[in-house]
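Novice:
Pasting the structure below:
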């Protein structure tokens, strides 16, 4: 069969597939050569347009269309072969353009309609919120862009100000992360820099290649990190899922994994000395074997329990752990000196010399030969005259005043003490409060007042006034009136409350001892030396001392008079009076003596370590380490989750006793960061045994948290008056 | 292809490194995707303004193909192959997938079908095929009339009316030709051949002519089907490409406006 088409210019018409319209007769294979116009209108009239040549009309039909026709043009010059008009068709390309135009118009129209009518929410629905935020029903709660119409999205999308987007600000309305929540880790730049420096020093190896490339893209850590950097909402969980690489892109110390290159654990888990001075090595190695009869602990869990949350292994109560051996230390049962704390102590004075020189101090007990107690000094220190006199008496021995150099100061001391007794007798707790607030330089809370007075009975004050200063009111009237109240030596009329076998202490420490000499609160040693005849009580009376002394009768704690001192005996562990005084006196000259377990009843500071708190203040650690919900350390760990992984070695799988560490030496000072732990650092290799990508995982966020520092959760600010409103659905 | 492999590896490595930074990778892939779609759309513009020296169309096509494949990779990275919730995003996914799929199909056809076209029958211009079919139809009808007139029998005419008239009316068996299946036409020829024993000598002459016309029509149908395929995928690819651009614009603005401060 012959070919259907030829491609020479005589027989093959030029096709124009780019034209929008084609002749309707093309389907029949006889498309007119003119074709439709650009709007699809047929332009056909006749097969040719005759031309007039020398007065004769000639046919101009092209060769392609068949050449000159036999009929020729009509006499009027019109073609004899008119073409039947067609209905032009769209070309393939024309149809495609039409479809494209329609799709574009419909899409644009629908978008304008939907966005313009405010039906945009389902249009850009990002999916359900995570369960934690599922209660948020309004997009505007978090997205500022949702507050306006879609036209407002443009400035929100391309505006430079962060306020337009508000993402993190919205988060922070409910979530608190300290003062600089958007700073990296919420920490000040200086702190971050020091942490970076420390970590770099402990890191070996170099960053992986991909990480180096990432650091080229972001060479500097941004000053602020938006919440959405790590958290993704509208998903199954809002919890951050951050790869190790993303963590390390900021961290100067980069490494491959926990097993390869992770910094060795330094000071982990111990970051400071323990709050309770408990030498594990000494107790496990020495004391427990010696105290088998007291059933000492045999397992770690005999003393430690997981705290709620399982992070720390908390220390059990004193009664459950320490009391079997150390209750006697608290109660002072084995003390050789007074078991009670001398609250008001009469200092011994050289009465003979003062009397000879006519120093008027009124009544003064003959048996008062001790040094002034720290608490007495504290009570007196609110008076300027006393403080002035005390400074001059620093090196003086009040029981030996051969000349009149210190007479005036001794007189001030004596009258100051008498005024304290008068104050306590007449003003009671209020007078006590005034003196303490003045001495401590800070107002006392009701709880402090209650604890610091120790519920001192008024009868006890009356008693010491009768015993020590029988003519107190008269003496003070004369003294204040400018008259002289001559010295009147008061003789002992009762048996001493203290056991005769009590031995004095010899060492002096602190400002107090510099001033008033060593010898404990009762100063028995000096008393014995001064008298040369033992306790400063009549021998006959001493021999007739009651079977049970006042001190022994107050074994459960409370106030008693011990010859020349008004004493408080702690009632056992957690005595409010002792704790209140140690807390209140921190920073005062009395604190050194109060916190000396050898000198002070209760011996609190024997176990409760004392930290320096700046500006001369001190902090007594009354409790062992406890989980603090406001503190967020960079490292997280759950003891409970690891229990099932421990074999026969139990806790010693990770915690290895370091018998060479000088644990107790660290408690000589008050800097908790200078310490030697009883236990060796946890070894990274121990963790790596399980924490690999294939087993327990080794992601950074498994053991480290991003949000660190001290912060409280945002607290609801509901006004109380709302409580009285009737309940509503919203 | 070595440079192409190196380029793919470099892009993958750069993307992997970027994912380690604190920037959101979705924003990068989103902007990249937007830029790629814009450049891909420029190819259509380039074809419209052929008068300007903007480079060879073949080079543009090559670029269009490679960037299109890169856009598919960027799309997967951007969406995480997750079916979205919003209507807009779902439309975006559907339209992108359709545009990409038709693009890949068009690429495949443009590589395979021209070879098949040159291997069979004479070369015909697509726009002329309806005319040629009309011409074959006229010739077939003339042959049938001739047979009826010369032999005084309507055997061939009846057969044409019942089995071939519809066949010659328009392009037929398009899908079969696209898939390379010759079954339908083979059946027509079998029927026509079976008729031969009922014809006399004069009718057989016209029968032979009719048979040749059927074979020629089949060649035209073949060319029509394949050339139509080469043009038809653009009916989805181009219009949906335009729709995609509009949807992307809305998506981009809304995503940035609601991006949470990044």
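Protein chains in written order, with the numbering used here: chain A, 1 to 730; chain B, 731 to 992. Cβ atoms here follow ideal geometry from the backbone N, Cα and C, with glycine treated the same way.
1) Can you name the residues of chain B whose CB is closer than 7 Å to the CB of residue 96 of chain A?
2) May I have the straight-line CA-CA distance separating residue 223 of chain A from residue 663 of chain A, to the nearest angstrom?
3) So, does the CB of residue 158 of chain A fall closer than 8 Å to a CB anywhere in chain B?
4) Is the beta carbon of residue 370 of chain A less than 8 Å from the beta carbon of residue 492 of chain A?
5) For the beta strand (DSSP E) that residue 488 of chain A lies in, which residues bound it at each end?
6) Tell me whether residue 426 of chain A is buried or exposed, calling it buried when 16 or more other Cβ atoms sit within 10 Å of its Cβ.
7) Are residue 132 of chain A and residue 238 of chain A close, meaning C-beta to C-beta below 8 Å?
8) Taking residue 748 of chain B as the query, report the chain A residues whose CB atoms sit under 8 Å from its CB, ordered along the chain.
9) Excluding the five sequence neighbours on either side, which residues of its own chain have a C-beta within less than 6 Å of the C-beta of residue 454 of chain A, listed in chain order?
10) Between residue 356 of chain A and the rest of its own chain, which residues show a CB-CB distance below 8 Å, the 5 nearest in sequence each way excluded?
11) Residues of chain A with CB under 9 Å from residue 983 of chain B, in chain order?
12) With which residues is residue 632 of chain A paired in a DSSP beta bridge?
13) Could you list which residues in chain B have their beta carbon closer than 8 Å to that of residue 122 of chain A, in chain order?
14) Could you check where the beta strand (DSSP E) with residue 589 of chain A kicks off and where it finishes?
15) Please report how far the alpha carbon of residue 785 of chain B lies from the alpha carbon of residue 794 of chain B, in whole angstroms.
16) Using a Cβ-Cβ distance under 8 Å, would residue 980 of chain B count as near chain A?
17) By the DSSP assignment, the beta strand (DSSP E) with residue 343 of chain A in it spans what residues?
18) Thinking just about the alpha-carbon of each residue, which of B:791, B:761, B:751, B:753 is nearest to the one in residue 770 of chain B?
19) Which same chain residues end up closer than 7 Å to residue 378 of chain A when comparing Cβ atoms and leaving out the 5 residues on each side of it in sequence?
20) Please classify residue 608 of chain A: is it buried, with 16 or more other beta-carbons within 10 angstroms of its beta-carbon, or exposed?
21) Given 7 Å as the limit, tell me if residue 767 of chain B has its C-beta closer than that to any heavy atom belonging to the ligand ZN.
22) Is the distance from the Cβ of residue 956 of chain B to the Cβ of residue 847 of chain B below 8 Å?
23) Between which two residues does the beta strand (DSSP E) containing residue 836 of chain B stretch?
24) For residue 560 of chain A, report the span of its beta strand (DSSP E) as first-last.
25) Between the C-alpha atoms of residue 67 of chain A and residue 917 of chain B, what's the straight-line distance to the nearest angstrom?
26) Taking Cβ-Cβ distances shorter than 9 Å, what residues in chain A pair up with residue 753 of chain B?
27) Apart from the five residues just before and just after residue 925 of chain B, which ones in its own chain have a Cβ nearer than 6 Å to its Cβ?
28) Would you please verify whether the beta carbon of residue 972 of chain B is less than 8 Å from any beta carbon of chain A?
29) For chain B, is any of its Cβ atoms less than 8 Å away from the one on residue 509 of chain A?
30) So, helix, strand or coil for residue 537 of chain A, using DSSP?
31) Using a C-beta to C-beta distance shorter than 9 Å, which residues of chain B count as neighbours of residue 5 of chain A?
32) Are the beta-carbon atoms of residue 123 of chain A and residue 904 of chain B separated by less than 8 Å?
33) Which residues of chain A have a Cβ atom closer than 7 Å to the Cβ of residue 878 of chain B, listed in chain order?
34) Express the C-alpha separation of residue 652 of chain A and residue 646 of chain A in angstroms, rounding to a whole number.
35) Output, in sequence order along the chain, the residues in the region 82-111 of chain A whose CB is closer than 9 Å to any CB in chain B.
36) Determine whether the Cβ of residue 28 of chain A lies closer than 8 Å to any Cβ atom of chain B.
Specialist: Let me lay it out:
1) 964, 965, 968
2) 42 Å
3) yes
4) no
5) 488-490
6) exposed
7) yes
8) 214, 217
9) 568, 577
10) none
11) 150, 153, 154, 156, 157, 158
12) A:709
13) 816, 817
14) Here residue 589 of chain A belongs to no beta strand (DSSP E), and DSSP marks it neither H nor E.
15) 13 Å
16) yes
17) 341-345
18) B:791
19) 439, 585, 588, 590
20) buried
21) The ligand ZN is absent from the structure shown, which contains no ligands of any kind.
22) yes
23) Counting along the chain, residue 836 of chain B falls outside any beta strand (DSSP E), though it belongs to the alpha helix (DSSP H) covering 817-849.
24) 558-562
25) 42 Å
26) 217, 218, 229
27) 889
28) yes
29) In this prediction, residue 509 of chain A has a pLDDT of 40, which is less than 50 and means its spatial position is unreliable; what the coordinates show is noted afterwards. Chain B, which has no Cβ nearer than 8 Å to the Cβ of residue 509 of chain A, makes this no.
30) The predicted model places residue 537 of chain A with a pLDDT of 42, which falls under 50 and marks its position as unreliable; any figure quoted below should be read in that light. Residue 537 of chain A falls in the coil class under three-state DSSP.
31) 852, 853, 854, 855, 858, 862
32) no
33) Residues of chain A passing the Cβ test: none, with the nearest at roughly 22 Å.
34) 9 Å
35) 91, 92, 93, 95, 96, 97, 99, 100, 101, 102, 103, 104, 106, 107, 108, 111
36) yes
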